[in-house]
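Enquirer: Quick one: structure below, then a few questions.
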Amino acid sequence: MTQHQRRNVPSKDEINNGLETLLSRQCHLEAKLRGITKVLPNLQIVHSDAQKLAEMITFTSTLAENVSAKVRQLDIARSRVSECQQRVHDLLDLQLCSDGVQTALRNEDYEKAAAHVHRFLSMDQHLLKQTADDVAEDCTSVTNSFSLLHEAATQLGAVVTQKFDEAVRAEDLASVERFFKIFPLLGMQDEGLIKFSLYLCSKLQETAHKNLLVALETNPSNKRASVIYADTLTLLFEGIARIIEIHQPLVETYYGPGRLLTVATYLQRECDRQSKRIVSEFSKHRRLEKIVQQVNEYIRSSNMYGKPPDKLDPKELDLLLGELTIMHSRAELYVRFIRRRIMNDLEIGVPVTANRSALVSELEAMLQGSELCHRMQELLGNYLLLERYFMEESVKKAVAMDALEEGSQTSSMVDDVYFIVRKCIRRASTSSSLDGVCAVINNACALLETDFCEVLRQQLRQGYPSGYLDLTQAYNVLHTSIQQGRLQASDSEQARLMFLAYLNNADVSTEYTDTLRRSLVDEIPTVLTNMSENERVKLDSCLSGLSSVAASLKAVIDYGMQQLRVSAIKPRVNPWVDAFLSVNHQLSEEDFASYEANEPFVQNLIMNLDGLLGIFKGSLTTSNYDTLVSILTAEVTSHMEKVVFKSTFNRLGGLVFDKEVRALVSYLTSTTSWSIRDKFARLTQMATVLNLERVTEISDYWGNNSGPLTWRLTPTEVRQIMALRTDFRSDDIKRLKL
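Right under this line is the structure:
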């Protein structure tokens, strides 16, 4: 035995352990065996039942196969019998149709004759001949019937066509519809649709001609005279819509769904011809081409530094622009109606196949390529040109006629300009063209942001005249000057009033711009219904231009406020604050008591500031007045910081300064609804430093980061301020660790 084999032989102990394990499981194994023994009889029964079930299933399967084979044979036989019956019925019907069509034609019962021909055309002629040959071995009679019925179909088609034409000439609508229903029975669907469509077009042409004659003969004093051509075009569209609504059920019933497109195509061609005539007469009688040419020449000459020709009064365009928007709106409504009706018809009658896609493409090509759409695009282009001219020239006129009434904070041009802009945008929205609305909004934004803002800036650029004058007195002077006819642009009274009025104009214009944007966001989607997501994004992009206008107006306000700061605030505030230097802040107890009772500096400063603000309070809008207070506060605090650094204090002087700052904060806070305490942060902290009892006390304030105080002063500035205290030693200040 090899060494490897010896390693695999178990040892005696392992064998003994294995035997003991097996013996220990003896009882368990014997119990299992007893259970199996008990189950054996049942297994025999199950085995027997399973065999019987298998035999039964096999028998049933064989029986089912035999039955299904017989059923298939019966089904084949039944279908053959049915086919045979159908052939026999067709042969009988063929004879009946052959005999009946002649009788119906003699009796002029064209519907019955057409029914016989339609039954004949639905038969399989080749199969009928084969059947006749199989049954009678002679198909001569069948062939004769075929010939007779073909001749009858041809004859009936000619008769129905003739009768239809006679009914059209006689304007017998009942007969027209009668013979229109017969065409599809003869397999002449296309011819029937074409003839019926041409008939409808003739009626449409007749009505449109009468309506146009009425429009041309309308008295100018008629209340609808200014929109008579838009009304005529509307009557044309309504006529087409009425024709489709009335005759669509007739076409669908006798020609099947999906055939309305053919009728609509012919009606659209007639619509193109009639709308062209209406628009031509409109352009002729409204002098549209001449007006457009005149406006183009004026715009072109204005851009070329030459003397522009006589410009058209924008007021004369008001009615014309309104009629243009109505015409375009009614055309858009008509196109949507046609598209919706035909799409519904196609969805009902045409399956979702390439055929439907082709018909949809044909529909869109018909609408977009129509003469009507081309004409409306031309009218829209002319409208946008004239609307832009109307807006720009009306705004210029409003600016030229600008006037400032007594007691008014703004001049007249603000309301006039925004009335014009709003009117133009709203009128554009009635055109039902998103592109037109966006174009007018863009023009309005450009006009407000450039021309209008420049008018405001130009007036503010002249500055606010310095010198003291009560503005109430200035209004009286201005009113008297106007009455006496001696108002001059250089008058300081007028300059002050106009400066403040234009500053208010800019502020009110900002509010008007925001209001206009919010209202348009709500109004335009209501007028332009069924906007897609892309169209909404496009509209929002255009309306965002009004936000840019508001930003430009705020920049104008900032410019005017800086002008006011330089001219009216800084020259007055600085001398008032400089008076601080003439007041001694190294006080004795007696001086402190006297100063605390009188407070000469701060009371005089508050009185002067109140007088200055009182001049402007009634003349500025609330927002501009609050801005002025903010600027005034910034100027006061800035100059106060400078004069404080030029002064010296003792402990009582610092206490007085702290009271002065508090009084100043209290007064200026009461004059405005804005929060201005932040502007006093540095000055308040300077008062805190000057009010310390000891130098080291600053550590209690400076190191306390958990409190609400955020230091605006740098460590260097704190040391400089502490050095203003004559009772603080410089060595102690230098030793501070800030």
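Taking the numbering used here, the leading residue of the sequence shown gets 891, the next gets one more, and so forth.
For glycine and all other residues, C-beta sits at the position ideal for the given N, C-alpha and C.
Small disclaimer: the values here were computed from a predicted structure and weren't measured.
1. Put F1054 into one of helix, strand or coil per three-state DSSP.
2. Using C-beta distances below 6 Å, list every residue in its chain close to Y1308, excluding the 5 sequence neighbours before and after it, in chain order.
3. Looking at the unbroken alpha helix (DSSP H) that takes in A1336, where does it start and where does it end?
4. Closest to C1314 by C-alpha separation, out of F1280, D1325, S1323, would be which residue?
5. Which of helix, strand or coil does DSSP assign to F1570?
6. Under three-state DSSP, which class holds R874?
7. Touch check for the stretch 1410 to 1420 and the stretch 1348 to 1356: three-plus C-beta pairs under 8 Å?
8. Are A1057 and V1049 touching if we call contact CB-CB under 9 Å?
9. In the structure shown, what three-state DSSP assignment does F1309 receive?
10. Taking I1168 and L1102 to be in contact with their CB atoms under 8 Å, please state how far apart those CB atoms are, rounded to whole angstroms.
11. Does the stretch 1124 to 1134 come close enough to the stretch 1147 to 1158 to have 3 or more Cβ pairs within less than 8 Å?
12. Can you look up F1618 in the DSSP assignment and give me helix, strand or coil?
13. If the criterion is Cβ atoms closer than 9 Å, does the pair T1097 and I1216 meet it?
14. Taking 9 Å as the cut-off, decide whether the C-beta atoms of L1337 and A1396 are in contact.
15. In whole angstroms, give me the CA-to-CA distance for Q1095 and R1163.
16. Buried or exposed for G1326, going by 16 or more other Cβ atoms inside 10 Å?
17. Quick one: Cα of I1118 to Cα of T1108, how far?
18. Grab me the residues of E1525's own chain with a C-beta within less than 7 Å of its C-beta, minus the 5 sequence neighbours each way, in chain order.
19. Kindly indicate the opening and closing residues of the alpha helix (DSSP H) around G1435.
20. Report, in whole angstroms, the separation of the C-beta atoms of I1566 and S1520, which I expect to be a contact under 8 Å.
21. Short of 7 Å in beta carbon distance, which residues of its chain neighbour V1579, apart from the five on each side in sequence? Order them along the chain.
22. Please report the residue range of the alpha helix (DSSP H) in which E1296 lies.
23. Closest to C1432 by C-alpha separation, out of A1329, L995, D1590, would be which residue?
24. First and last residue of the alpha helix (DSSP H) that includes D1203?
25. Who are F1539's beta bridge partners in DSSP?
26. Let me confirm a value: M946 is counted as buried when at least 16 other C-beta atoms fall within 10 Å, else exposed. Which label applies?
27. With DSSP run on the structure shown, which of helix, strand or coil describes S1484?
28. Below 8 Å, can you find three or more Cβ-Cβ pairs linking the stretch 1535 to 1547 to the stretch 1474 to 1489?
29. Give me the residue from I1189, V1225, I1181, A1221 with the minimum Cα distance to E1206.
30. Examine the Cβ distances between the stretch 1226 to 1236 and the stretch 1249 to 1266 and report whether three or more of them are shorter than 8 Å.
31. Going straight from the alpha carbon of K1093 to that of L1214, what length do you get?
32. With distances taken from CA atoms, which of S1260, F1172, L1202, E1171 is nearest Q1183?
33. Give a yes or no on whether the C-beta atoms belonging to K1428 and R1265 are separated by under 9 Å.
34. Helix, strand or coil for F1008 per DSSP?
35. Under 8 Å by Cβ, that's how I've got E1277 and L1211 pegged, so tell me the actual separation to the nearest angstrom.
36. Ordered along the chain, which non-local residues of its own chain (more than five positions away) have a Cβ less than 6 Å from that of V1439?
Expert: In this structure, then:
1. Indexing the sequence shown from 1 puts residue 1054 at position 164. Three-state DSSP puts F1054 in a helix.
2. Position 418 of the sequence shown, counted from the first residue, corresponds to residue 1308. Excluding positions up to five away in sequence, the list reads Y1402.
3. Translated into positions along the sequence shown, residue 1336 becomes position 446. From DSSP, the alpha helix (DSSP H) with A1336 extends over 1324 to 1336.
4. Along the sequence shown, one-based indexing puts residue 1314 at 424. For C1314, the nearest C-alpha among the options comes from F1280.
5. Within the sequence shown, numbered from 1, the residue matching residue 1570 stands at position 680. Of the three classes helix, strand and coil, the one that applies to F1570 here is helix, per DSSP.
6. In the structure displayed, the chain extends from 891 to 1628; residue 874 sits before or after that span and is not available.
7. no
8. As a first step, residue 1057 must be located in the sequence shown, where it is residue number 167. As a first step, residue 1049 must be located in the sequence shown, where it is residue number 159. Going by C-beta atoms, A1057 is not nearer than 9 Å to V1049.
9. Here residue 1309 refers to the residue found at position 419 when the sequence shown is read from its first residue. It is helical.
10. Position 278 of the sequence shown, counted from the first residue, corresponds to residue 1168. Position 212 of the sequence shown, counted from the first residue, corresponds to residue 1102. Sure, about 6 Å apart at Cβ, within 8 Å.
11. yes
12. Numbered from 1 along the sequence shown, position 728 holds the residue referred to as residue 1618. Three-state DSSP puts F1618 in coil, outside helix and strand.
13. Residue mapping note: residue 1097 aligns to position 207 of the sequence shown, counting from 1. Residue mapping note: residue 1216 aligns to position 326 of the sequence shown, counting from 1. Cβ atoms of T1097 and I1216: not closer than 9 Å.
14. Locating residue 1337 in the sequence shown gives position 447, counting from the first residue. Locating residue 1396 in the sequence shown gives position 506, counting from the first residue. Their beta carbons are not under 9 Å apart, which means L1337 does not touch A1396 by this criterion.
15. Translated into positions along the sequence shown, residue 1095 becomes position 205. Translated into positions along the sequence shown, residue 1163 becomes position 273. Roughly 9 Å between the two C-alpha positions.
16. On the sequence shown, position 436 is the one that residue 1326 refers to. With 16 or more Cβ atoms within 10 Å of its Cβ, G1326 is classed as buried.
17. Residue numbering aside, residue 1118 sits at position 228 when the sequence shown is read from its first letter. Residue numbering aside, residue 1108 sits at position 218 when the sequence shown is read from its first letter. Looking at the two C-alpha atoms, the distance is approximately 8 Å.
18. Mapped onto the sequence shown, residue 1525 falls at position 635. Correct list, in chain order: R1455, I1459, K1460, V1463.
19. Taking the sequence shown and counting its residues from 1, one reaches residue 1435 at position 545. From DSSP, the alpha helix (DSSP H) with G1435 extends over 1423 to 1454.
20. For the purposes of this step, residue 1566 is taken as residue 676 along the sequence shown, with counting starting at 1. For the purposes of this step, residue 1520 is taken as residue 630 along the sequence shown, with counting starting at 1. About 6 Å separates the two Cβ atoms, so the contact holds.
21. Counting from one through the sequence shown, the residue named residue 1579 turns up at place 689. So the qualifying residues of the chain are I1588, V1608, I1611, M1612.
22. Locating residue 1296 in the sequence shown gives position 406, where the first residue counts as 1. Where E1296 is concerned, there is no enclosing alpha helix (DSSP H), given that its DSSP letter is neither H nor E.
23. As a first step, residue 1432 is located in the sequence shown; it is residue number 542 there, counting from the start. Of the listed residues, the one whose Cα sits closest to C1432 is A1329.
24. Position 313 of the sequence shown, counted from the start, is the residue given in the question as residue 1203. Careful: D1203 lies outside any alpha helix (DSSP H) and carries neither H nor E.
25. As a first step, residue 1539 is located in the sequence shown; it is residue number 649 there, counting from the start. According to DSSP, which records beta bridges pairwise, F1539 is partnered with R1615.
26. As a working mapping, residue 946 is identified with position 56 in the sequence shown. By the 10 Å Cβ count, M946 comes out exposed.
27. The residue you call residue 1484 lines up with position 594 of the sequence shown. In the structure shown, S1484 sits in a helix (DSSP, three-state: H, G or I).
28. yes
29. As a first step, residue 1206 is located in the sequence shown; it is residue number 316 there, counting from the start. Ranking I1189, V1225, I1181, A1221 by Cα distance to E1206 puts I1181 first.
30. yes
31. For the purposes of this step, residue 1093 is taken as residue 203 along the sequence shown, with counting starting at 1. For the purposes of this step, residue 1214 is taken as residue 324 along the sequence shown, with counting starting at 1. If you take the alpha carbons of K1093 and L1214, they lie about 27 Å apart.
32. Position 293 of the sequence shown, counted from the first residue, corresponds to residue 1183. Minimum Cα distance to Q1183 is reached at L1202.
33. As a position in the sequence shown, residue 1428 is number 538, starting the count at 1. As a position in the sequence shown, residue 1265 is number 375, starting the count at 1. For K1428 and R1265, no; Cβs fall outside 9 Å.
34. Locating residue 1008 in the sequence shown gives position 118, counting from the first residue. According to the sequence as given, residue 1008 is His; it is not Phe. It is helical.
35. Along the sequence shown, one-based indexing puts residue 1277 at 387. Along the sequence shown, one-based indexing puts residue 1211 at 321. About 6 Å; that satisfies the 8 Å criterion.
36. What you label residue 1439 is simply residue 549 of the sequence shown in a count that begins at 1. Correct list, in chain order: C1335, L1338, E1339, T1403.
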